[in-house]
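> Going down the list, the sequences are from chains Z and E.
For what it's worth, numbering that gives the first Met the number 0 labels the leading residue of the first sequence as 0, then goes sequentially.
For what it's worth, numbering that gives the first Met the number 0 labels the leading residue of the second sequence as 0, then goes sequentially.
All C-beta atoms in this analysis are idealised placements derived from N, C-alpha and C, irrespective of residue type, glycine included.
Submitted below is the structure of interest, expressed as structure tokens.
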Amino acid sequence: MTSVLTRNNVSLRGNEHGPPLIFAHGFGCDQNMWRLVVPAFEDRYRIVLFDYVGAGKSDLDAYDGDRYGTLEGYARDVTEICEELDLSDAVFVGHSVSSMIGILAAAAAPGRIGALVLIGPSPRYIDDDGYVGGFHEEDIEKLLDSLDSNYFGWSREMAPLIMGNPDRPQLGAELTESFCRADPAIQRQFARVTFLSDNRRDLAEVEVPTLILQCSEDVIAPDSVGLYVHERISQSHFVKMRATGHCPNLSAPQETIDAISAFLAQL
Amino acid sequence: MILPPPSDERFYTALVDDDPHELYEDAPCAYLSTQADGTIAKVNRTFLRWTGYDSASLVGRVRFQDLLAPGDRILYETHFDPLLRMQGAVREVAVDVVVRSGGLLPVLVWSALRQDGTGEPAMIRTALFDATERRAYERELLAARKQAESAEAQATALARTLQESFLPPVLEKVPGLDIGGGYRPAGDGSEVGGDFYDVFPIGEGEWAVVLGDVCGKGAAAAALTALARYTVRAEALRTAQPGAVLERLHEALLRYRPSDFCTAVFATLEPTASGFRFAVASGGHPLPLRHRSDGQIETLGTTGRLLGIVEGAARRETTVALSPGDTVVLYTDGITEAPRDGELFGDERLRALVDETADEPAEVIADRIVAAALDFQQGHSRDDIAVLVIKVE
Numbered sequence: 000m001t002s003v004l005t006r007n008n009v010s011l012r013g014n015e016h017g018p019p020l021i022f023a024h025g026f027g028c029d030q031n032m033w034r035l036v037v038p039a040f041e042d043r044y045r046i047v048l049f050d051y052v053g054a055g056k057s058d059l060d061a062y063d064g065d066r067y068g069t070l071e072g073y074a075r076d077v078t079e080i081c082e083e084l085d086l087s088d089a090v091f092v093g094h095s096v097s098s099m100i101g102i103l104a105a106a107a108a109p110g111r112i113g114a115l116v117l118i119g120p121s122p123r124y125i126d127d128d129g130y131v132g133g134f135h136e137e138d139i140e141k142l143l144d145s146l147d148s149n150y151f152g153w154s155r156e157m158a159p160l161i162m163g164n165p166d167r168p169q170l171g172a173e174l175t176e177s178f179c180r181a182d183p184a185i186q187r188q189f190a191r192v193t194f195l196s197d198n199r200r201d202l203a204e205v206e207v208p209t210l211i212l213q214c215s216e217d218v219i220a221p222d223s224v225g226l227y228v229h230e231r232i233s234q235s236h237f238v239k240m241r242a243t244g245h246c247p248n249l250s251a252p253q254e255t256i257d258a259i260s261a262f263l264a265q266l
Numbered sequence: 000m001i002l003p004p005p006s007d008e009r010f011y012t013a014l015v016d017d018d019p020h021e022l023y024e025d026a027p028c029a030y031l032s033t034q035a036d037g038t039i040a041k042v043n044r045t046f047l048r049w050t051g052y053d054s055a056s057l058v059g060r061v062r063f064q065d066l067l068a069p070g071d072r073i074l075y076e077t078h079f080d081p082l083l084r085m086q087g088a089v090r091e092v093a094v095d096v097v098v099r100s101g102g103l104l105p106v107l108v109w110s111a112l113r114q115d116g117t118g119e120p121a122m123i124r125t126a127l128f129d130a131t132e133r134r135a136y137e138r139e140l141l142a143a144r145k146q147a148e149s150a151e152a153q154a155t156a157l158a159r160t161l162q163e164s165f166l167p168p169v170l171e172k173v174p175g176l177d178i179g180g181g182y183r184p185a186g187d188g189s190e191v192g193g194d195f196y197d198v199f200p201i202g203e204g205e206w207a208v209v210l211g212d213v214c215g216k217g218a219a220a221a222a223l224t225a226l227a228r229y230t231v232r233a234e235a236l237r238t239a240q241p242g243a244v245l246e247r248l249h250e251a252l253l254r255y256r257p258s259d260f261c262t263a264v265f266a267t268l269e270p271t272a273s274g275f276r277f278a279v280a281s282g283g284h285p286l287p288l289r290h291r292s293d294g295q296i297e298t299l300g301t302t303g304r305l306l307g308i309v310e311g312a313a314r315r316e317t318t319v320a321l322s323p324g325d326t327v328v329l330y331t332d333g334i335t336e337a338p339r340d341g342e343l344f345g346d347e348r349l350r351a352l353v354d355e356t357a358d359e360p361a362e363v364i365a366d367r368i369v370a371a372a373l374d375f376q377q378g379h380s381r382d383d384i385a386v387l388v389i390k391v392e
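Right, here's the structure in full:
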């Protein structure tokens, strides 16, 4: 078995004596999503970046359809990394679906995660009996269809090269686009798990200080969903950002950095 | 470049009539210019014609991603937008635009991000191509691929089930003997292989063992294996002479499967006062190895001709006495001919392994041999591997 650090393509940077700060990417891309945000924290914090198994440069052979058929399986990636690095009281910054994964990981390994930053969290994407998640189940089917016809640079021929170190320079340009690339079967399964899970009951279990960063005009996680999360996590602080869309870590890195810094200062 | 003669009027018509404004408005693709957040700033007539919207209802009011089907809005936020910001461009993304009537227009999208002087994202230029027919065709291809994948999965399951029926589910417990078997199909196990073995009683205290390798793969090999196994079982009950059993198998192949052949080793085991009498014959098959308790290793029997090939000479049998502590190993050439970098696993490695593991139970020896042959070829077996280990207790 490969080590957890290799399996999850863990990269460590920043101040190795500082308090640990874990950045977890969401569905679609990999740890590169954090590259505009991370440098601001490198002075003071021990930064942990990783790719979930199946994403980015993780070990695709470690992908197990059963384990990653639930968000709990992804949460185990987080707790196993925490154990491997022997982290305690880490601040977990989760984007999108990683918000729920972080909540599950914090509950599964008490003491490892001491605070949560949830960027664009949604405990349930599908509308359900008075609850407005923003989507219907057929929308998710449509997403799965679109994922089937959009490989974002993936092809069967390329698959073996992505993990290795190809000695073929003509592929270099294409390989640089790898951060959104994933095995279509894994991507499909991750989309299913992400958008069809229901973690509303898990919110009440959160016992650590939590920051919720809510973007403006976020079609994936609208204001009402962010407020729903805020109401159900007792120790949570809600910040509405000026940034629009779902990826403020890319579209508004400074605003994101400022909000996280202010939260960290209060811990 | 070859310039046309200036007198060619058609050239000047094409040149002059296509002024840039008209090219933009009525281009064969739709154009959108948006702010970095997707808010539409400018849109061409082609887009309006395709979608039925008017410019005033879009410009400054709507983001490009808001015009996508809900599932595709997720794709936009999770893939399209991050890629655009990280790489500056996105190409060939297939999504559906919701048109004014509520219907969907399948398009292929190219976008490029323009940065201002400070490197901040300033605006996005997007071109869309009507992909209605292409996407309908792709859907058919996708459906066909899914169908093929499910058919493949079914075929693999069928192959596994068939394969399992060629090996005894549990090896018979023979008094005085410890018998273990090992098997591994070639490649990923999706095809039916051609190796088989069997252990069965043929009389009072008497037992027969057979291990063979039929030519070919897949359904034809499966039918051949079935023929070989039931012929051996039936003939072994009529005559206990190993040479004669293989002769009958040879004749059955010639009669029913004239273009096929196989190799096999067949042996009978009869208890004696001091161990077992082991009578063995081979039809073109690697000879069994006998390991004695003093560490000596030898082959048993003589190699006869292939089974099912016309010029058959008699397959002579050899009879030896097995003593307690003896280990007999029957195997297929998937072990000794396992390749690595132009080298084969070979007899010597097999003999050394048998010597090294001789004190282990038969099952463990069989497993170790299969594992060693697999490891030798980096886990990917080029041929089926079968082994049967018989220890005299």
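1. Any idea if Ser235 of chain Z is buried or exposed, counting beta-carbon neighbours within 10 angstroms, 16 or more meaning buried?
2. For a contact meaning CB atoms closer than 7 Å, what does Phe26 of chain Z contact in chain E?
3. CA-CA distance, Lys41 of chain E and Arg62 of chain E?
4. May I ask you to report which of helix, strand or coil DSSP gives Asp194 of chain E?
5. Can you pull the chain E neighbours of Asp197 of chain Z, defined as C-beta to C-beta under 9 Å?
6. Taking a cut of 7 Å between CB atoms, which residues from the segment 68 to 92 of chain E lie near chain Z?
7. To the nearest whole angstrom, what separates the beta carbons of Phe302 of chain E and Gly283 of chain E, a pair I think is in contact under 8 Å?
8. With a Cβ-Cβ cutoff of 7 Å, do Val264 of chain E and Ala220 of chain E count as a contact?
9. From the DSSP secondary-structure annotation, give me the bridge partner or partners of Val209 of chain E.
10. Quick check on Glu132 of chain E - is its C-beta less than 7 Å from some C-beta in chain Z?
11. Tell me, please, whether the segment 112 to 122 of chain E touches the segment 19 to 26 of chain E by the rule of three or more beta-carbon pairs shorter than 8 Å.
12. Do we get a CB-CB distance below 7 Å when we pair Ile185 of chain Z with the residues of chain E?
13. Using the Cβ count rule (16 or more neighbours within 10 Å means buried), how would you classify Phe268 of chain Z?
14. Give the secondary structure of Leu299 of chain E by DSSP, where H, G and I count as helix, E and B as strand, and everything else as coil.
15. Can you list, in chain order, the residues of its chain with a C-beta nearer than 6 Å to that of Thr356 of chain E? Leave out the 5 residues immediately preceding and following it.
16. Within its chain, find whatever has a CB closer than 7 Å to the CB of Leu86 of chain Z; leave out the 5 residues flanking it on each side and keep chain order.
17. Pick helix, strand or coil for Gly118 of chain E, following the three-state DSSP scheme.
18. Taking Cβ positions, are Ile185 of chain Z and Gly72 of chain Z nearer each other than 7 Å?
19. Is Asp16 of chain E helix, strand or coil by DSSP?
20. Note down, in chain order, every chain Z residue with its Cβ under 7 Å from the Cβ of Val391 of chain E.
21. Comparing alpha-carbon positions, which option in Z:Lys239, Z:Tyr67, Z:Val207 lies nearest Glu216 of chain Z?
22. Touch check for the segment 199 to 212 of chain Z and the segment 89 to 99 of chain E: three-plus C-beta pairs under 8 Å?
23. Between Z:Ser250, Z:Gln253, Z:Cys246, which has its C-alpha nearest Val96 of chain Z's C-alpha?
24. By the 10 Å Cβ neighbour count, where 16 or more other Cβ atoms means buried, how is Phe10 of chain E classified, buried or exposed?
25. According to DSSP, is Gly345 of chain E part of a helix, a strand, or is it coil?
26. Checking contacts by CB at 7 Å: is Glu137 of chain E closer than that to chain Z?
27. Please list the partners that Ile139 of chain Z has in chain E, where partner means a Cβ-to-Cβ separation under 7 Å.
28. Nearest chain Z C-beta to Asp7 of chain E closer than 7 Å, yes or no?
29. Can you tell me where the alpha helix (DSSP H) with Gln213 of chain Z in it begins and where it stops?
30. Rounded to the nearest angstrom, what separates Gln253 of chain Z and Asp222 of chain Z at their Cα positions?
31. Could you tell me which residues DSSP puts in a beta bridge with Asp129 of chain E?
32. Within this structure, are the beta carbons of Gly324 of chain E and Ser292 of chain E separated by less than 7 Å?
33. Pick out whichever of E:Pro338, E:Phe195, E:Glu297, E:Thr77 has its Cα sitting closest to the Cα of His379 of chain E.
34. Quick one: any contact between the segment 4 to 15 of chain Z and the segment 44 to 51 of chain Z, if contact means 3 or more CB pairs under 8 Å?
35. Roughly how many angstroms lie between the CA atoms of Arg123 of chain Z and Gly70 of chain E, to the nearest whole one?
36. Starting from the C-beta of Pro14 of chain Z, find all residues in its chain whose C-beta is less than 8 Å away, skip the five residues before and the five after it, and write them out in chain order.
From the atom records:
1. Here residue 235 of chain Z refers to the residue found at position 236 when the first sequence is read from its first residue. So Ser235 of chain Z ends up on the buried side.
2. The count along the first sequence starts at 1 and reaches residue 26 of chain Z at position 27. Residues of chain E passing the Cβ test: Thr77.
3. Position 42 of the second sequence holds residue 41 of chain E. Position 63 of the second sequence holds residue 62 of chain E. Taking the straight line joining both Cα atoms gives about 11 Å.
4. Within the second sequence, residue 194 of chain E is the residue found at index 195, counting from 1. Here Asp194 of chain E sits in strand by DSSP.
5. Within the first sequence, residue 197 of chain Z is the residue found at index 198, counting from 1. The premise fails here: Asp197 of chain Z is roughly 17 Å from chain E at the closest Cβ pair, so nothing lies under 9 Å.
6. Per Cβ criterion, the list reads Ala68, Pro69, Gly70, Asp71, Arg72, Ile73, Leu74, Glu76, Thr77, His78, Asp80, Pro81, Leu82, Arg84, Met85, Gln86, Val92.
7. Taking the first residue of the second sequence as 1, we reach residue 302 of chain E at position 303. Taking the first residue of the second sequence as 1, we reach residue 283 of chain E at position 284. The identity of residue 302 of chain E in the sequence shown is Thr, whereas the question assumes Phe. The Cβ separation is near 7 Å, so the contact holds.
8. The residue labelled residue 264 of chain E in the question sits at position 265 within the second sequence. The residue labelled residue 220 of chain E in the question sits at position 221 within the second sequence. Cβ atoms of Val264 of chain E and Ala220 of chain E: not closer than 7 Å.
9. By 1-based counting over the second sequence, the position of residue 209 of chain E is 210. Looking at the DSSP assignment, Val209 of chain E forms a beta bridge with E:Asp197, E:Phe265.
10. Along the second sequence, read from residue 1 onward, the residue named residue 132 of chain E stands at position 133. Output row for Glu132 of chain E: interface = no.
11. no
12. The residue you call residue 185 of chain Z lines up with position 186 of the first sequence. Not closer than 7 Å to any Cβ of chain E, the Cβ of Ile185 of chain Z fails to qualify, so no.
13. The requested residue 268 of chain Z does not occur in the structure, where chain Z is confined to residues 0 to 266.
14. Position 300 of the second sequence, counting from 1, holds the residue named residue 299 of chain E. Coil.
15. Residue mapping note: residue 356 of chain E aligns to position 357 of the second sequence, counting from 1. Only Ile364, Arg367 meet the Cβ criterion.
16. Your numbering for residue 86 of chain Z matches position 87 in the first sequence. Sequence-distant partners of Leu86 of chain Z (beyond 5 residues in either direction) whose C-beta falls short of 7 Å from its own C-beta, in its chain, are Pro19, Arg111.
17. As a first step, residue 118 of chain E is located in the second sequence; it is residue number 119 there, counting from the start. If DSSP states are grouped into helix, strand and coil, Gly118 of chain E belongs with coil.
18. For the purposes of this step, residue 185 of chain Z is identified with residue 186 of the first sequence, where counting begins at 1. For the purposes of this step, residue 72 of chain Z is identified with residue 73 of the first sequence, where counting begins at 1. Not closer than 7 Å, so no.
19. Here residue 16 of chain E refers to the residue found at position 17 of the second sequence. If DSSP states are grouped into helix, strand and coil, Asp16 of chain E belongs with the helices.
20. Here the question's residue 391 of chain E lines up with position 392 in the second sequence. Ordered by position in chain Z, no residue passes the 7 Å Cβ test against Val391 of chain E, which lies about 40 Å from the chain.
21. Counting from 1 along the first sequence, the entry for residue 216 of chain Z is found at position 217. With distances taken between Cα atoms, Glu216 of chain Z lies closest to Z:Lys239.
22. With a cut-off of 8 Å, the segment 89 to 99 of chain E and the segment 199 to 212 of chain Z do not count as touching, because too few Cβ pairs lie within range.
23. Looking up residue 96 of chain Z in the first sequence gives position 97. Answer by Cα proximity: Z:Cys246.
24. Position 11 of the second sequence, counting from 1, holds the residue named residue 10 of chain E. Phe10 of chain E should be labelled exposed.
25. Stepping through the second sequence from its first residue, residue 345 of chain E is reached at position 346. In this structure, DSSP gives Gly345 of chain E a helical state, which the three-state scheme calls helix.
26. One-based indexing of the second sequence puts residue 137 of chain E at position 138. Chain Z contact via Cβ: present.
27. Sequence index remark: in the first sequence, residue 139 of chain Z carries index 140 (1-based). In chain order: Gly70.
28. Here residue 7 of chain E refers to the residue found at position 8 of the second sequence. No, no contact with chain Z.
29. Position 214 of the first sequence, counted from the start, is the residue given in the question as residue 213 of chain Z. For Gln213 of chain Z, there is no enclosing alpha helix (DSSP H); the residue is found in the beta strand (DSSP E) stretching over 209 to 215.
30. One-based indexing of the first sequence puts residue 253 of chain Z at position 254. One-based indexing of the first sequence puts residue 222 of chain Z at position 223. When rounded, the distance between both Cα atoms is 21 Å.
31. Here residue 129 of chain E is taken as the residue at index 130 of the second sequence, counted from 1. Asp129 of chain E pairs with E:Val106.
32. Along the second sequence, one-based indexing puts residue 324 of chain E at 325. Along the second sequence, one-based indexing puts residue 292 of chain E at 293. Against a cut-off of 7 Å, the Cβ pair of Ser292 of chain E and Gly324 of chain E comes out as a contact.
33. By one-based count along the second sequence, residue 379 of chain E stands at place 380. Nearest option by C-alpha distance: E:Pro338.
34. yes
35. Taking the first residue of the first sequence as position 1, residue 123 of chain Z is located at position 124. Taking the first residue of the second sequence as position 1, residue 70 of chain E is located at position 71. Looking at the two C-alpha atoms, the distance is approximately 15 Å.
36. For the purposes of this step, residue 14 of chain Z is taken as the residue at position 15 of the first sequence. Residue 14 of chain Z is actually Asn in this sequence, not Pro. Glu41, Asp42, Arg43, Tyr44, Arg45, listed in sequence order.
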